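Read in order, the letters of the sequence shown correspond to residues 18 to 509 in my numbering. Let me begin by presenting the structure, written as structure tokens, before commenting on it.
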Amino acid sequence: MTKGIRLRFPPSPTGKIHIGNMRTALFNWLWARKNQGELVLRIEDTDRQRSSVDFEEIIRQEMEWLGLDVDEGVGVGGKYGPYRQSERLEIYQEYGQRLCEEGRAYHCYCTPAELEQMREEARTRGEMPRYDGRCRLLTAQEKERYQAEGRQPVLRFKVPEEAGEIIVNDLIRGQVIFDAAILDDFVIFKSDGMPTYNFAVVIDDALMEISDVIRGEDHLSNTPKQLLIYRALGFEPPRFAHLALIMDQNRAKLKKRSDDQAVYVGEYREKGYLPEALFNFLALLGWSPKDDQEIMSREELIAAFDLAAVNKSAAIFDLDKLNWLNGKYIREEKLERIVELSIPFLQRAGYLGEGIAAEQEQRLRRVIEVARTRVDYLAQLPAEAEPFFKELEFEDQTAVVEEFKGEQVKLVFTTLKERLNELEELNPESVKQVLQWIRKKLPVKPRAIYHPLRLALTGMNSGPELIDIIYILGLEEVEKRLDYALRLADRL
Ligand code: GLU
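Here's what the structure looks like:
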């Protein structure tokens, strides 16, 4: 019987979750779903100083927001638990002990200063700085002496002399060959008693029966060490797939450089990107379907995703593409949901109060229906919606008021008021007809119509269609704003 597909996402809870890390989670999720496999969430919190449950919580929340559900692991449970590395110490110790007893690992008492000196000497000889294996052969007395000095040992893995070439058959990168001679006896237990990443990851992936390890390329160089541990413990290694890193548009590693550059998943959520849009975008970061389709649902992505078709070269994070995609999702989504998601942004801008009155709702829907056609993400929405919520203030703006001056503009403003008043019903169609009538029948230049009207009604030089503006503002508000503009013009 072939073993089922079991994948894992094992983040270290040492910070907010980065978009690159989430792409790794997403590829694991897609591959698990595609193969009817299982996805395990393991928390790698062996770095006690930097790990926190708050970060763990953030990771889980952001995964949930994106719709990356897991079948097993922290928060879900399962028969291979516990799933937090800090709760698995005894398991690691057992295997560490075994390696020690079999002479495949040994305690090293070298102090940081001694190690530094060793590296320094290697450098002056022009050699690669590496641990020289001096504690391999410590006698019982030497060990006792070190212990009496209060030295806390680390446990090192003894890289076998005969290790030779270590071959990683990577599902994405193909065959990658490492020469074991470049490895030194690496640490598997730190002096604080915690296992290192390379050790714990092997024990966990083996005991949790992980079939495929999909992770960032930054871990490719760790893989030969991990394979040596698999070999020493007699575990069968999983298949490996290393994802090329994500670069920014300058081909530099995608990382936080300024406040306005978002690299954490939470920042995209807070800016009002839709989870399904970000999901779609991340899935195409380093992979594309055969037909180069861009807008894809989760189901379509699951069906089309193929690990073997993932790119070997770095993926470029194209923010314009994300914005385009997100804007498209915002426009095509049900209005109800966009309204609901937009409310907090409008509240924060001070345009809406806590509760939303029933009579406000209709107007709000209209505002958002119009504003959503002009935004890439919802944080941009208040600026687009501003003219519908804010009182206009032109007193000190001579340049603006100049626009309202002259007989033609005055005629347009007063006629519009009259005509709108005569309407049986104010709706986009009737407003359109009024504007057409003004354009055709009044002895005025277009220059006296559109821009002055837009300015008088919104205070802005560009924005939604005039028809929408008038329709949404409603008769009373349109009259009020036109009267205000006329009053100012009269004063000139
Ligand atoms: N905790 C590691 C990380 O977040 C996991 C690496 C792996 O997938 O093996 O980088």
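Built from N, CA and C at the ideal position, the CB exists for glycine as well. Predicted model, so just to flag it, every value in this text is computed and none were measured.
- Across the set 505, 153, 34 and 48, the C-alpha of 48 shows the shortest separation from the C-alpha of residue 188.
- Beta-bridge analysis with DSSP links residue 264 to 270 and 333.
- Nearest to residue 481 by alpha-carbon distance, out of 229, 429 and 386, is 386.
- Around the beta carbon of residue 408, fewer than 16 other beta carbons lie within 10 angstroms, which makes this residue exposed.
- Under the DSSP definition of a beta bridge, residue 74 lacks any partner.
- Beta-bridge partners of residue 473 (DSSP): none assigned.
- For residue 123, the uninterrupted beta strand (DSSP E) run begins and ends at 122-125, by DSSP.
- Here the C-alpha atom of residue 139 lies approximately 13 Å from the C-alpha atom of residue 150.
- In the DSSP secondary-structure assignment, residue 193 is bridged to 185.
- Annotation for residue 27 indicates a beta carbon within 6 Å of some heavy atom of ligand 1.
- Listed in chain order, the non-local C-beta contacts of residue 292 below 7 Å within the same chain comprise 82, 83 and 84, local neighbours out to five positions each way being set aside.
- Shortest gap from the CB of residue 105 to any heavy atom of ligand 1: 6 Å or more.
- Partner residues in the beta bridge of residue 89, as assigned by DSSP, are 57.
- Residue 256 is bridged by DSSP to 229.
- Counting along the chain, residue 411 sits inside no alpha helix (DSSP H), nor does DSSP assign it H or E at all.
- Separation of the CB atoms of residue 125 and residue 173 is rounded to 5 Å, and the pair is thereby assigned contact status at 8 Å.
- The shortest CA-to-CA distance from residue 170 to any of 251, 156, 152 and 310 is the one to 152.
- Distances between the C-beta of residue 35 and the heavy atoms of ligand 1 are all 6 Å or more.
- Taking 3 residues as the minimum length, the region 280-321 contains no beta strand (DSSP E) run wholly inside it.
- Residue 172: member of the beta strand (DSSP E) spanning 171-174, first to last residue.
- Note that the C-beta distance between residue 362 and residue 404 is not below 7 Å.
- For residue 460, the three-state secondary structure derived from DSSP is coil.
- Residue 25 has 57 as its beta-bridge partners, per DSSP.
- Remark: the C-beta of residue 218 is in contact range of ligand 1, defined as less than 6 Å to any heavy atom.
- Spatial neighbours of residue 35 in its own chain (CB-CB distance under 7 Å, excluding positions within 5 residues in sequence) are listed in chain order as 280 and 281.
- Non-local beta-carbon contacts of residue 25 in its own chain, meaning distances under 6 Å to residues more than five positions away in sequence, involve 57, 59 and 227 in chain order.
- The straight-line gap separating the alpha-carbon atoms of residue 312 and residue 342 is approximately 7 Å.
- Straight through space, the alpha carbons of residue 307 and residue 319 are spaced by roughly 13 Å.
- Bounds of any alpha helix (DSSP H) do not take in residue 373, whose DSSP letter is neither H nor E.
- In the DSSP annotation of this structure, the continuous segment of the beta strand (DSSP E) that includes residue 205 starts and ends at 204-206.
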